[in-house]
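Chemist: For the sequence shown, the positions run 0 to 466 when numbering that gives the first Met the number 0 is used.
Glycine residues also receive a C-beta, built at the ideal position from the N, C-alpha and C atoms.
Got a structure here, written out as structure tokens. Questions coming.
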Amino acid sequence: MRWLAMTTAFVLLPAAACLSAAERPPSFVIILADDLGYGDLGCYGHPSIRTPHLDRMAAEGMRFTSFYSAAEVCTPSRAALLTGKYPIRTGMCHDQFRVLRRISTGGLPDGEVTLAEALKARGYATAVVGKWHLGVWANNPAHHPSRHGFDVTFGLPHSNDMDPMPGNPPRATARLDQQAGWWNAPLYSGMELIERPADQTQLTRRYTDEAVKFIRAHRSQPFFLYLPHSFPHVPLFASDDFRGKSPRGLYGDVVEELDASVGRVLDTLRSEGLAENTFVFFSSDNGPWLIMDAAGGSAGLLHEGKGSTWEGGMRVPGIAWWPSRIRPGQVQRELATMMDLFPTCARLAGADATTATDGVDLAPVLFDGGAVQRDVFCFYRGTQLYAARLGPWKAHFTTRPAYGPEKPQPHEPPLLFNVVEDPGERFNIAADHPEVLADIVAAVEKHKAGVQPVENQLQATVDAKQP
0 MRWLAMTTAF VLLPAAACLS AAERPPSFVI ILADDLGYGD LGCYGHPSIR TPHLDRMAAE
60 GMRFTSFYSA AEVCTPSRAA LLTGKYPIRT GMCHDQFRVL RRISTGGLPD GEVTLAEALK
120 ARGYATAVVG KWHLGVWANN PAHHPSRHGF DVTFGLPHSN DMDPMPGNPP RATARLDQQA
180 GWWNAPLYSG MELIERPADQ TQLTRRYTDE AVKFIRAHRS QPFFLYLPHS FPHVPLFASD
240 DFRGKSPRGL YGDVVEELDA SVGRVLDTLR SEGLAENTFV FFSSDNGPWL IMDAAGGSAG
300 LLHEGKGSTW EGGMRVPGIA WWPSRIRPGQ VQRELATMMD LFPTCARLAG ADATTATDGV
360 DLAPVLFDGG AVQRDVFCFY RGTQLYAARL GPWKAHFTTR PAYGPEKPQP HEPPLLFNVV
420 EDPGERFNIA ADHPEVLADI VAAVEKHKAG VQPVENQLQA TVDAKQP
């Protein structure tokens, strides 16, 4: 199948390259922050973090108020974005090992079709610049992005805190006085290790430089740029140009530098004459890591954060931008998810989206003022379905704090909230709406009946005895 995709790409590439920018299939840029909260941007109400570029992006495009990641932590969320599937279908979730670790040998299965592969088969140039976290290729080369459709790779294989140096102080990740000698993160270009430890004060700038270089190098053909930033995941680092500048402290410095990066990418698209034919989407992989205190972000009025299936763990910023297609200044309250980006982009490119079984094409919402047909959206914690949303209604079958030793708390009857009227999930109205609960339960049972067990990818490690 991959041989056929590559052959098709070589056939289509010359024709696409000969067309003008307006005539070519659209290009795509997906920018993903790491652990950015729903309430961390100016356009989402933060009072002291200044995000003029993202605010402008929202003003010129569409800002979603009910956009969800597909998982409450990094690895499964990223797998869902690139495959258009719940992580339970790809084995990229686990109840104990919630993300891939430095010693993991598992990763995104080779048989899963990614958005990059679907677009590459249509002649697109493809790049991932930033944090991968879908397999450590030093442990298993099959998990390198090049095996999943990406021509260009630049960045870290996993989170920036996963290579701590011996002797780090207690809770080093949450400290605001970070020292370069505390971390040993590996920075790669392609398969080549180019810096270790990576200078994390320069990561955002270097990612942005590489992204701009890729856009300029491929301005004459359709491209897909996936830009998953390492920040504001802890440990926090900002360059000298931003450190000490935000009223919100170091966390604000980091987010404001991320905002400037988005501005550079959009400015490059404008200056290269590509803005009118490029769809850009900005989001976060999950909610803010609240247990990191001042080094963590804000979920605004939402309950809980990263690691939780309450709204604060999975409802995230979502901003769509395409000057020639998306009417500016829209606030979209329609439910949308990260899994929707695969079918949306693929169908705009004329690519095959049949494998993205859990995503929905957002074109009616983005371009026509319409709605999407979605049966139910499920909130998983690891392999367990904890909650589900149907229309404005969200039922919690099980709840559990994001982190800590507390056991799962089942609810019978389930808790029920109208998360349009009550996004903070404060008022349980299950007793008033038994018919709504019955509809949600039926939708969840239908979903579960279609989920087939697959091999888990997060448990296997280089040395099973390592923590």
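1. Would you tell me roughly how many angstroms separate the C-alpha atoms of E434 and V440, rounded to the nearest one?
2. State the DSSP-derived secondary structure class of L457, mapped to helix, strand or coil.
3. Could you spell out the range, first to last residue, of the beta strand (DSSP E) harbouring T125?
4. Closest by CA to R23, which one among T74, A69, H93, R121?
5. Check each candidate in E454, K393, T308, A345 and name the one with the smallest Cα separation from P407.
6. Pick helix, strand or coil for R205, following the three-state DSSP scheme.
7. For Q383, list the residues DSSP reports as bridge partners.
8. Take the Cβ of F9 as the centre, count every other Cβ of all protein chains shown within 10 Å, and call the residue buried at 16 or more, exposed below.
9. Enumerated in chain order, which unbroken segments of the alpha helix (DSSP H) with a length of 4 residues or greater are wholly contained in the stretch 315-360?
10. Count the CB pairs spanning the stretch 138-147 and the stretch 291-298 that are closer than 8 Å, and state whether there are at least three.
11. Short of 6 Å in beta carbon distance, which residues of its chain neighbour F281, apart from the five on each side in sequence? Order them along the chain.
12. On the CB-based measure, 16 or more other CB atoms within 10 Å of its CB, does G106 come out buried or exposed?
13. Give the DSSP-derived three-state secondary structure of T398 in the structure shown.
14. Which two residues bound the contiguous beta strand (DSSP E) that contains S78?
15. Measure the alpha-carbon distance for W392 versus P165 and round it to whole angstroms.
16. Would you say the beta carbon of A173 is closer than 7 Å to some non-hydrogen atom of the ligand FAD?
17. Can you have a look at K119 and say buried or exposed, based on whether 16 or more other CB atoms are within 10 angstroms of its CB?
18. On the CB-based measure, 16 or more other CB atoms within 10 Å of its CB, does Q177 come out buried or exposed?
19. By the three-class DSSP mapping on this structure, what secondary structure does F213 have?
20. Can you tell which of L80, E71, V98, T398 has its C-alpha closest to the C-alpha of E111?
Modeler: Inspection of the coordinates gives the following:
1. Translated into positions along the sequence shown, residue 434 becomes position 435. Translated into positions along the sequence shown, residue 440 becomes position 441. The straight-line gap from Cα to Cα measures roughly 10 Å.
2. What you label residue 457 is simply residue 458 of the sequence shown in a count that begins at 1. In the structure shown, L457 sits in coil (DSSP, three-state: anything other than H, G, I, E or B).
3. Sequence index remark: in the sequence shown, residue 125 carries index 126 (1-based). Run containing T125: 124-130, per the beta strand (DSSP E) assignment.
4. Counting from one through the sequence shown, the residue named residue 23 turns up at place 24. Out of T74, A69, H93, R121, R121 has the C-alpha closest to the C-alpha of R23.
5. To locate residue 407, count along the sequence shown from 1; it is residue 408. Considering only alpha carbons, the answer is T308.
6. As a working mapping, residue 205 is identified with position 206 in the sequence shown. Helix, per DSSP.
7. Taking the sequence shown and counting its residues from 1, the one referred to as residue 383 is at position 384. DSSP, once it has assigned bridges, lists R380 as partnering Q383.
8. Here the question's residue 9 lines up with position 10 in the sequence shown. Because F9 sits at a pLDDT of 48, beneath the cut-off of 50, its placement in the model cannot be relied upon, and the following sentence gives the value as read from the coordinates. So F9 ends up on the exposed side.
9. 340-348
10. no
11. To locate residue 281, count along the sequence shown from 1; it is residue 282. If we look at F281 and ignore the five residues flanking it on each side, its Cβ neighbours are I30, I318.
12. Against the sequence shown, residue 106 aligns to sequence position 107. So G106 counts as buried.
13. To locate residue 398, count along the sequence shown from 1; it is residue 399. Strand at T398.
14. Position 79 of the sequence shown, counted from the first residue, corresponds to residue 78. Ser is not the amino acid found at residue 78; the sequence shown has Ala there. Looking at the DSSP string, A78 is not in any beta strand (DSSP E); the run it does join, the alpha helix (DSSP H), is 73-82.
15. Taking the sequence shown and counting its residues from 1, the one referred to as residue 392 is at position 393. Taking the sequence shown and counting its residues from 1, the one referred to as residue 165 is at position 166. C-alpha separation (whole angstroms): 48 Å.
16. This structure does not include the ligand FAD; it has no bound ligands of any sort.
17. Start at 1 with the first residue of the sequence shown, and residue 119 comes out as number 120. K119 comes out buried.
18. Position 178 of the sequence shown holds residue 177. By the 10 Å Cβ count, Q177 comes out buried.
19. The residue given as residue 213 occupies position 214 in the sequence shown. F213 falls in the helix class under three-state DSSP.
20. For this step, residue 111 is matched to residue 112 along the sequence shown. Nearest option by C-alpha distance: L80.
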